[in-house]
Structure formats: structure tokens, C-alpha cells
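Chemist: Pasting a structure below so you can have a look.
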Amino acid sequence: MNMNITLHVWRQKGPDAPGRMEIIQADDISPDMSFLEMLDLVNERLEAIDIESIAFDHDCREGICGMCSLVVNGIAHGPESATTVCQLHMRSFKDGDAVYIEPWRARAFPVIRDLIVDREAFERIQQAGGYVSINCGGSPDANAILVPKPEADTAMDAASCIGCGACVASCPNGSAMLFVAAKIGQFAHLPQGQPERFRRARRMVEQMETEGFGACTNHFECEASCPKEVPIKFISEMNRDFIKAVLKGE
Amino acid sequence: MKFDAKIPEGPLQDKWTKAKFDLKLVNPANRRKYKIIVVGSGLAGGSAASTLAEQGFDVHCFFYQDSPRRAHSIAAQGGINAAKNYPNDGDSIWRLFYDTVKGGDYRSREANVYRLSEVSNAIMDQCVAQGIPFAREYGGQLDNRSFGGAQVSRTFYARGQTGQQLLLGAYSSYNRQVDKGNLKSYPRTEMLDIVKVDGHARGIITRNLVTGDIERHAADVVVIATGGYGNVFFLSTNAMGCNATAAWRAHRKGAGFANPCFTQIHPTCIPKASGHQSKLTLMSESLRNDGRVWVPKKAGDDRHPLEIPEDERDYYLERRYPSFGNLVPRDVASRAAKERCDAGCGVGPDMDGEQKNAVYLDFAEAIERLGKDVVEDRYGNLFQMYEMITDENPYEVPMRIFPAVHYTMGGLWVDYNLESNIPGLFVLGEANFSDHGANRLGASALMQGLADGYFVASATVPDYLARESSMKAEDKISPDHPAFLEAEGALKARIDQLLSINGDRTVDSIHKELGEIMQNHCGMDRDRVGLEKALKLIPALRNEFWSNAKVLGENESYNTSLEKAGRVADFLELAELMCKDALTREESCGGHCRAEHETPEGEAKRDDESFTHVAVWEFTGEDIAWERHQEELAYENVKLTTRSYK
Amino acid sequence: MAITGIMLMLFVLGHMLGNLQIFISADQINHYAETLQGLGNALWLIRGSLLVILLAHLGAALQVTRLNRAARPVPYQHALDYQTTTFASRTMMFTGLIIVAFVIYHILHFTVVTDANLAGIKGTHDDLNVYGMIVAGFSNTIVSLVYIVANILLGVHLTHGAKSLFQTLNLRTSENANCLENFSKGFGVLVILGNCSIPVAVLMGILS
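Chains as they are written, first to last, in the numbering used here: chain U, -19 to 230; chain F, 99 to 744; chain B, 42 to 249.
Structure representation (C-alpha cells):
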């Protein structure tokens, strides 16, 4: 039942080094392996013949840390929907398949090595107001402010974003709007987020523009590739809040 | 060496209040002049970094991931405990305290646990104020659910990703401080050594994982919050990058390591499916709220689960522990599962030669009672994850689960103030040993990480700075101090050594072998013979590593093999200490189960006479050796009884 | 873009409905043209506004395209395997530019009337023979084909435009998404059928 797969992998030694696709044969792969376990095995075999392993980002392997970031056959996180690539299993492929593995590609996500990209741009966006300004201690009782369940659920839909960047990788425009909108949307739907709502939207959107991401032209690819299925409506809500912020001069 | 917990005098309820008043303060104008290093950005590290920065200290936070938000706290699913008693089912701070001490099988410090329970409510207030979207009732109030080891519903949750939401909360506070310029991040940077000057922790040596640069960072205080060491078992529910290096390097520089053998085996994980498996995936304990655990009554019954009639099923947790049923603590549930599998009643596919390694977690009854929609609303994402991994639909076929290494209660020794025996070195979260005794209750890890970071370290770290006269704000240590240069030189030599072994075996294969030794001899079942065997195998494997490992590439680039090699080298030492500790602790308690010390019914048998203490190991250097010390545990408020969940 | 897009969509709709009066009678369309001409300065105001709106729409499109091109300097080696995006949405700039070129041609053709033959048929300000001009103009198969192709592209452009504007204006929800999808497709098809019906009718001899 094991399969043989031909991998086409982007190899790039460093940020400034030239990169290229290399063909690596992955034989005798069990369909029960996860995609990353397949790469582990390939790496183990490469090292055995003194070839440096393929560098890729991964950590929790439970689909929540957002570290893994591979474009497989032109789809961010691979062919299964609502799945990070660490949760993708080889049973989604067939014996004899050619599998192309590439890093996220965007100007704001420069390649560090092989399949690893630098996502500091996301950090800077969240540092530009992606928080509620409260100090530790002295907060009112947790039940002091009631939040209607539907609103809390909507906030949670946004908050489930794992910051992986698949939205950027899959967008024909390299736009980060779904990510930014999810971060803004979480707070916009909760009473705690209201005092800074418009200022936050404006600052984060402006930071996003500074980072060099593309703009949204409503291809909806981000929503389709998002492993947490963050809905695209947060983008329009973000646009609305941003425009209001500009009009209010916040 | 003496390990003094420095527990404040007075009644249990007043200790923390009194301690807070006695702790010295740093004048707001002077705070900026103190530099604090925090290693790790999870719930403990992230919350400590943001809270100390809020106060105005100059905080520098180091982590190996590319963002603080990716620390492994993020993977916690089920929830966080707080003694709010919102459901009005009889909870109180005292009950949370009592449940935690009892759950830990009476091997934790009363004062620490009480403080944890006390601040649990403030944690919830803080988290809600940060804008964390906790699950709510239709009336707008926070929702609760039940977790193991408690008879009240005190667990707050955010769908199946409470850990991510709490971490994003801490991360948002963290970002606010970065935005304000009080906090600096060092992503993709690993701490590889700690530097002591005049006996005090005064800095760290790091390696930039991208460029390979070795850097010296001096500070006034070092806070380690780098999580646990479950990856010593190779297969665990930890993230791939979780490691013990920061804690281990501190240990080698003199910090005591407490109760290293206390590891938690979590009962509800997806069973291992193949030899190439890189990690095990946890299914939240919250599943045991509605799922029923069973195996076939008859050993070797390999019928499809749906074909096994009700009266031929053994709901062994409900049978053995009628009052807690499926919600017994983790160690009890894990041991019971293993007992059934050892009896030949395990289920699941045949793995060549290995015994069937799973039990069923069945939702058929819950789906009938609540409807599929409610079950989906509560556990949908977990069911989805299960199906993704196993290719089986848990709405139709019972889930298969088996225990897996999940958490380590042991860790660096700290006093009541979370300061290790190295002055100026504070240890928070899973990296310390303090609050969970021999077994941690579900939904308590998140609570402890945040308690340590938001409320404890934020009070005790400034106290240290104010207290130490050598810490005059103007009296700065330079990173060019000879102690730093020496540590840097030693580290570079170690890296060169790793890169020049040039052997035949990949680091992973050695790590896997270590994992097998640990699973077999220092896992759920431990006995003298096995531990003594492991104590021979581990040093031999360590020699094999240093003489025959293969670490490719060079230091000056992104080199994942080199990263792994350094971590595995440390695991190879830690593993030995774990086995030594397990061998010395001649009793069974919580997650530490010695076959020689069991009741006739197969329950853990403690020896309170000889072992009501913390075992603290001091690294004595030459040839990797240790000296064992004890910190006696005094129980003034809780009576030691045999834990019963019957 | 959504705001200017809506305005242009409304114009396209109005323009189409106006022109479809040709099927009622020659007098009807001629009278309609005379009414428009009779607006005087107001007509120039409308024309000016339309030009500004079109330029704004085009300007925004060019800026977005420039940004988007710059956002991914190194392309994927294996092309992105699109899950949701449509031909229309990926070709907005292409269809848009062709439509602009067509609009210029259309204005020169029927408004400025650069063709001497047509100019002869046009008639005077208060006695226009738009009907004759249209029939004569579309009798040329090549001209008609240009109109038909351009309007098909316009329709394609509008299928994405119409869908997109609801999203941008925060009017799209998961519940109405399908409905909006059908509406935008329907709108595109309507524009194609409506606008192409005139040259087709001329070529088939229905209008003569």
C-alpha cells in the first residue's frame, strides 16, 4: 500500500542566495504518515547520504501554532480544506504523484532558507494596536460585562486565526487582509475592544500597507485556504471600520 | 546545599497578602534602568514579560519560534480553572486548593497551591478584559465545563482552543508593550547558556537560529519560562521544538532540579499508528465530560465496536470509580487504560508484534442524549482533528484513545517567590516544579502559567531587584565581562564539537532510541529492574551520540540538525536524572508509578513516612553526577489520605 | 472602487435601457436622443461626472494592480491552484482596459461621429436620426463584432464587479452569498444580452 512520490522542492541556502526547485524521490511512503512526517523521513534519508536536510517551519503539529507554511501543488497547506499542512496526511496523495513544495511567496515574507519564510511583518502589524489597552490587575469581575453569545461566537470565529499566513500565500494579490481583518474583527465584536476600535483599525491597516502586502480584489482565495475557515466578512467589516476611522480622524 | 522554600508565616489564607506587602518595590523612575531577560514567550513567559514591561522595566524576551504567539501553550485545548463558582455548584478557593493538592497526590507545596487558587479568579478577570472570546451562555455570562479530578464545573474555555486564546491574550498585552518600546523580542533565538557573576544570574548566551550568531546578553535578572521536558520521550504531545536546554543549562550551572521523575501521561491521546510517527496528538480531556470510556469485556475480542453489545462492554472507569466515573484524574485514567490493555482487552488495529494499544471513547450515548448538533458545537473541532488523523468518523465509530506523555510536573526548583537557588534566576510555568505535585489536574497548567507570569513574578522579580544591594541601577554588568566571554567560548567549543563528530547516526535516530528506553523503563510503569537497566543504557547511548552522531552543515546558517543535536545532547543527560529520581523514590504517587508499590487493587501506594518531600538534585559536574537533597513538605491544612475517586 | 463601480454599473444599466428603446420604434429612440441633447449644460455635467468617475475607477484599479504585482516579486514555480477565484476576477484589469478602449471608440463612433457616412445620416440637433445611424453603423459586420466582443467582456467584468461590491460594502453574508453570486452573474448576462441584441438585430435584419 506504500507509495512512491516525486517531490519538487524549493531549495535556497540563505536569504540572499539564489533558489531553485530540486527533484527528490520519496519512496515507500505510508499513507498514514502526515505530510511533515514524510518530509522527516526524506530528511533522514538525505542526511544519511550527507545531504543537508530540507528546512521547513513546523512546531506543534496539531494545527494550532501556525508555524507550518508550505504551498503544496499550488495550494497553501495542501489539498485538504480546513487543514494545516502538519495535519495533512499522505493518504491525500496517490502512488506516482509529483508533489511541488514551495514556501509562502510574498514580498513581505522573504525566504530565510528553503521553505522557511520570515513573517515578522505580521508581528509589526499586531504591534500596531492589536490589543486592548489594559494593565494587569484591577480588571472588573469576568462576568461584570455581559457579552451576547452570538457576538462572542463571532469574535471567536475571528480569533481562531492562527497567523500562519496562508491567506497571503494563496491570494493572487499577496494580500494580508484576511489576517489583519481577523485580528481587528475579534476585538471589534467584543465590548472590551470598543474604546480603541477605530484607532486600532486605522493603525493596523496602515501598517499592513507599509509592509508591502497586496490589496484585496475579492478573489476569496484566502477564505478557501484558511485552515481555520476565518470568514471573509471580517475584511469588509475592517474596511468599514477603517473608513469610519479616517472620517472620524482617529 | 539547603533548599529553603521561604514560605511566609501566618495562616494559609493570609500568606500571599502578607508576602505581597513584605516584597520590596522599585521606584517607578528607576524601573527603566533595570534590564530583565525573559526566556520563553508562552503563557508564563509572555505574561511575565508583558506585566514587567507594563511596570516600566526594560524587558527583553527570547524565544525559538518566529512569534511569541507560537509557544506551545497555544496547543492547550480544554480550558482554564478558576474558583469563580459561577455555576453555584459549591466551588471556592479552598476547594480548588484542596482538589489540586489532592490531585497532585500530596506532593506539592500547600502555600504555592493556595496562592494559585487565590489568583485564579483575577486571571479570569484579566483575560476577559483583554478581549478573549470565552464561551458564553445565551444570557451573556461565561460558560463552564467539568474537568477530571473535580466534582464542580470550574473550567472556562474558548471552543477547543483555550490555550491559543489565552496565549493570544498574553501576546496582545505583550504587543502593547513592544508598541510602547518597553519590550524587545528576539525571535528565532535559542538560549544556550546562563551566565553567573558572583553567584548571581546576570545574563544568557544565545544562538540566533537564522544566522548562527552567538550573542551575549547581560541583565539584572533572568527569568526562564521555557516549558517542560516531555520530549525526552521522543513521542509526546509536546511541540517538536519543545526542549529542556534552557532549564538544563541552568541546572548545570547550579540550579536544583526538583522531582524530575514526575511526568504526566495524559489518558486521551490518539494512539500511535506507525513507526514514523513524529508526535502524539492530544484530544482534550473535556471529551470525558460526555464521552464514555470502555473496552470489550472479553480479552482479544476483535469485533467491530458497533457489533459489541452493551452487556459485553466494560465501562471500566465507571465500574472502578463510580463517584468520579469518566472524570477521574489523568494519572488514574491513564493507569486504568494501561491495565486493561495489559489484560489483553485493548482495541485497535494490529501493529506488528505490539499489543493493541487503545481503548474506546464513545459518544453514542451523548449524541443520543444531546443530539449531534450539541455534541458538534462542544467538540466539533476535536472530532474533525481526530478524523483528519485517523480517517475515522467519531460521530459514528467510537474514538480510540491511549495515554501519552503530556506534561512534566518536575522542573527547576524554586522557592515561594519562584526564584531558583541561583539568586536572580526565576523560573515560571511548566519549567518549574512548584504547584502540581505528582500529578497535574486538567486545566491547571494554563492557570499556573498565567498566575506565575501575571501575578507572582510581577511582584517577586521587582522585590529581588530592590532587595539586592549589588543590583544598584548604575552598577551594570557588561556583556564583555570575563564570565560572559568564558561562557561564550565554552558554547562555541561545544558547537564545534557537535559539528565535528561526523558519525553515522542521525540525531533523530538517537533521540528515538532514547525515547524508547524512557517509554519502556521510565514511562507509565516503572520498576527497579527496568530503571537500573535504563541507567546503564542511557550513558551508553550518550557515548554513542558524542562519538557517532551525524550533524551536517555549519553553524553560520539555519541549521535544524545542529539545533536538534544540542537539545538531544541535553535530553541524554536529563533522562538519566529522571531515571535516578524514579529509582530513588521508592513509592508510587500520582504519575510516578512503581510496580513494587501498588495496592492489591492496582492503585498507587504512597509512602508518606519517607517521601513527603521534594527531591532536589544538584549537578555536581565531573562525569555527570548528582547529589540528592530534600525539601520537606509540611501539610498543615490538608490531611494526607489515600486518594480515592471511588 | 466599489463606489465608482456602482455608479458605472448604474450608468451601464441606464444606457442599455435607453438604447433598447430602439426596439419600440425609430421615433422613440430618436426622441430619446433629442431629449438627452436637449439637456444642454446638464448633459455636459453628466458627461464630465462620468469621465471623472471612470478615471477614478481606472486610477484605483491601476494603483491596486501595481501594488499587487509588487507584492509577489518571486512567482510560484507551480502555479497557484485556484479554489474560488474566477476568470472574471483574475482578468479585471485586462477586461477593464479593453472596455476603456472600446468606450473611446464608441464615443468617436456614435457621439462625436468621425465617420463621414454616419455624420451624413445623423441629422440636426433637434431632428436626430439616431436610428438610422445605428442601423448604418451596425450594418458593418466588423463593427458589430467589435461591439459584441466588447460587450461580452463588459459583462464578464461586471459579473465580478457586481459580486465584489457587495463584499466590499459589507453587504455579503454567508447566508446571502449564493444569492449574490447568482445576481452578479445574472447582471453580467443581462448586460451582454441587452447590449448585444442591437447589433445582432441589425445584422439579422430585424432592425433596418
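For each residue, glycine too, the CB sits at the ideal point set by N, CA and C. Remember, it's a predicted structure, so these values are computed and weren't measured experimentally.
1. Taking only beta carbons into account, state which residues of the segment 51 to 81 of chain U come closer than 7 Å to chain B, listed in chain order.
2. So which residues on chain F does Pro128 of chain U lean against when the C-beta distance must stay under 7 Å?
3. Within the chosen definition, does the segment 174 to 194 of chain F reach the segment 508 to 520 of chain F through at least 3 CB pairs nearer than 8 Å?
4. Tell me which same chain residues have a C-beta within less than 6 Å of the C-beta of His298 of chain F, skipping the five on either side of it?
5. Can you list, in chain order, the residues of its chain whose CB lies under 7 Å from that of Ile312 of chain F, leaving out five sequence neighbours each side?
6. Tell me whether Arg130 of chain F sits in a helix, a strand or coil according to DSSP, three-state version.
7. Pull out every residue of the segment 159 to 172 of chain U whose Cβ sits closer than 7 Å to any Cβ of chain F, in chain order.
8. Scan the segment 246 to 331 of chain F and note each continuous alpha helix (DSSP H) run of 4 residues or more that stays entirely inside, going in chain order.
9. Should the segment 24 to 32 of chain U be regarded as contacting the segment 641 to 656 of chain F, the criterion being three or more beta carbon pairs within less than 8 Å?
10. Provide the residue span of the alpha helix (DSSP H) that contains Met545 of chain F, from first to last.
11. What does Arg182 of chain U touch in chain F if you count any residue whose Cβ is under 7 Å from its own?
12. With a CB to CB cut of under 6 Å and the five nearest residues on each side skipped, what residues in its chain are close to Gly109 of chain U?
13. Taking only three categories from DSSP, how would you classify Pro83 of chain U?
14. Between which two residues does the beta strand (DSSP E) harbouring Glu716 of chain F extend?
15. From Cys367 of chain F to Ser334 of chain F, what distance separates their C-alpha atoms?
16. Using DSSP's beta-bridge definition, name the partner residues of Cys40 of chain U.
17. In this structure, how does DSSP classify Leu629 of chain F when only helix, strand and coil are distinguished?
18. Between Glu217 of chain U and chain B, is any beta-carbon pair separated by less than 8 Å?
19. Between the C-alpha atoms of Glu82 of chain B and Val141 of chain B, what's the straight-line distance to the nearest angstrom?
20. Identify the continuous alpha helix (DSSP H) that holds Glu222 of chain B and give its terminal residues.
21. If we define contact as Cβ-Cβ less than 8 Å, is Lys(-7) of chain U a contact residue for chain B?
22. For Phe355 of chain F versus Leu675 of chain F, is the C-beta distance shorter than 8 Å?
23. Quick check: what's the CA-CA separation for Val293 of chain F versus Ser518 of chain F?
24. Measure the alpha-carbon distance for Arg104 of chain U versus His57 of chain U and round it to whole angstroms.
25. Do you know offhand how far Ala434 of chain F's Cα is from Tyr414 of chain F's?
26. Since Pro231 of chain F meets chain U, which of its residues come closer than 7 Å, beta carbon to beta carbon?
27. What does Ile460 of chain F pair with, by DSSP beta-bridge criteria?
28. If you run the structure through DSSP and keep just helix, strand and coil, what is Cys687 of chain F?
29. Which residues mark the beginning and the end of the beta strand (DSSP E) in which Ala220 of chain F is found?
30. Whose Cβ in chain U lies nearer than 9 Å to the Cβ of Ala111 of chain B?
31. I'd like the span of the alpha helix (DSSP H) that includes Glu437 of chain F, first residue to last.
32. Kindly identify the DSSP beta-bridge partner or partners of Glu452 of chain F.
33. For chain F, find out if any of its Cβ atoms is closer than 8 Å to the Cβ of Glu103 of chain U; answer yes or no.
34. Near Ala162 of chain U, what residues of its chain come up, given a Cβ to Cβ distance below 6 Å and the 5 sequence neighbours on each side ignored?
35. Exposed or buried, what is Gly719 of chain F when buried is set at 16 or more other beta-carbons lying within 10 Å of its beta-carbon?
36. Within the continuous alpha helix (DSSP H) that includes Asp606 of chain F, where are the two ends?
Modeler: Reading from the atomic positions:
1. Val51, Asn53, Gly54, Ile55 and Tyr80
2. For the purposes of this step, residue 128 of chain U is taken as residue 148 along the first sequence, with counting starting at 1. The contacting residues are Gly238.
3. no
4. Here the question's residue 298 of chain F lines up with position 200 in the second sequence. Correct list, in chain order: Pro521 and Gly522.
5. Counting from one through the second sequence, the residue named residue 312 of chain F turns up at place 214. Excluding residues within five positions, the ones whose Cβ falls inside 7 Å are Ile303, Arg305, Glu586, Leu589 and Lys590.
6. Here residue 130 of chain F refers to the residue found at position 32 of the second sequence. In this structure, Arg130 of chain F counts as coil in the three-state DSSP scheme.
7. Gln166, Phe167, Leu170 and Gln172
8. 260 to 278
9. yes
10. Counting from one through the second sequence, the residue named residue 545 of chain F turns up at place 447. Met545 of chain F -> alpha helix (DSSP H) spans Ala543 to Leu548.
11. Counted from its first residue, the first sequence places residue 182 of chain U at position 202. Within 7 Å Cβ-Cβ: nothing; Arg182 of chain U doesn't reach chain F, min ~14 Å.
12. Here residue 109 of chain U is taken as the residue at index 129 of the first sequence, counted from 1. Only Arg180, Arg183 and Met184 meet the Cβ criterion.
13. Locating residue 83 of chain U in the first sequence gives position 103, where the first residue counts as 1. Note: Pro83 of chain U maps to strand in three-state DSSP.
14. As a first step, residue 716 of chain F must be located in the second sequence, where it is residue number 618. Looking at the DSSP string, the run of the beta strand (DSSP E) that includes Glu716 of chain F is His711 to Phe717.
15. Within the second sequence, numbered from 1, the residue matching residue 367 of chain F stands at position 269. Within the second sequence, numbered from 1, the residue matching residue 334 of chain F stands at position 236. Each residue's alpha carbon lies about 10 Å from the other.
16. Here residue 40 of chain U refers to the residue found at position 60 when the first sequence is read from its first residue. Per DSSP, none; premise fails for Cys40 of chain U.
17. By one-based count along the second sequence, residue 629 of chain F stands at place 531. If DSSP states are grouped into helix, strand and coil, Leu629 of chain F belongs with the helices.
18. Here residue 217 of chain U refers to the residue found at position 237 when the first sequence is read from its first residue. Closer than 8 Å: yes.
19. For the purposes of this step, residue 82 of chain B is identified with residue 41 of the third sequence, where counting begins at 1. For the purposes of this step, residue 141 of chain B is identified with residue 100 of the third sequence, where counting begins at 1. The sequence shown places Asn at residue 82 of chain B, not Glu. Approximately 24 Å between the Cα atoms of the pair.
20. In the third sequence, residue 222 of chain B corresponds to position 181, counting from 1. Taken as a continuous stretch (DSSP letters only), the alpha helix (DSSP H) holding Glu222 of chain B covers Ala218 to Leu244.
21. Locating residue -7 of chain U in the first sequence gives position 13, where the first residue counts as 1. Chain B contact via Cβ: absent.
22. Residue 355 of chain F sits at position 257 when you count from the first residue of the second sequence. Residue 675 of chain F sits at position 577 when you count from the first residue of the second sequence. For Phe355 of chain F and Leu675 of chain F, yes; Cβs fall inside 8 Å.
23. Locating residue 293 of chain F in the second sequence gives position 195, where the first residue counts as 1. Locating residue 518 of chain F in the second sequence gives position 420, where the first residue counts as 1. Cα to Cα, the separation comes out at about 14 Å.
24. Looking up residue 104 of chain U in the first sequence gives position 124. Looking up residue 57 of chain U in the first sequence gives position 77. C-alpha separation (whole angstroms): 24 Å.
25. In the second sequence, counting from the first residue as 1, residue 434 of chain F sits at position 336. In the second sequence, counting from the first residue as 1, residue 414 of chain F sits at position 316. When rounded, the distance between both Cα atoms is 8 Å.
26. On the second sequence, residue 231 of chain F is found 133 positions in, with the first residue counted as 1. Here the neighbours are Ala132, Ala135, Met136, Ala139, Gln166 and Leu170.
27. In the second sequence, counting from the first residue as 1, residue 460 of chain F sits at position 362. The sequence as given places Asp at residue 460 of chain F; Ile does not occur at that position. For Asp460 of chain F, which the question treats as bridged, DSSP gives the partners F:Arg390.
28. The sequence position of residue 687 of chain F within the second sequence is 589, counting from 1. In this structure, Cys687 of chain F counts as strand in the three-state DSSP scheme.
29. The count along the second sequence starts at 1 and reaches residue 220 of chain F at position 122. Element bounds for Ala220 of chain F: not the beta strand (DSSP E) but the alpha helix (DSSP H), Glu208 to Ala227.
30. In the third sequence, the residue the question calls residue 111 of chain B occupies position 70. Within chain U, the residues near Ala111 of chain B are Arg87, Gly154, Gly192 and Gly194.
31. Counting from 1 along the second sequence, the entry for residue 437 of chain F is found at position 339. Element bounds for Glu437 of chain F: Arg428 to Asp440.
32. The residue given as residue 452 of chain F occupies position 354 in the second sequence. Beta-bridge pairing links Glu452 of chain F to F:Met449.
33. By one-based count along the first sequence, residue 103 of chain U stands at place 123. Yes - at least one Cβ of chain F is within 8 Å of the one on Glu103 of chain U.
34. Locating residue 162 of chain U in the first sequence gives position 182, where the first residue counts as 1. Around Ala162 of chain U: Ala138, Cys141, Val210 and Phe214.
35. Within the second sequence, the letter at position 621 stands for residue 719 of chain F. Gly719 of chain F should be labelled exposed.
36. If you number the second sequence from 1, residue 606 of chain F lands on position 508. Its alpha helix (DSSP H) spans residues Val605 to Cys620.
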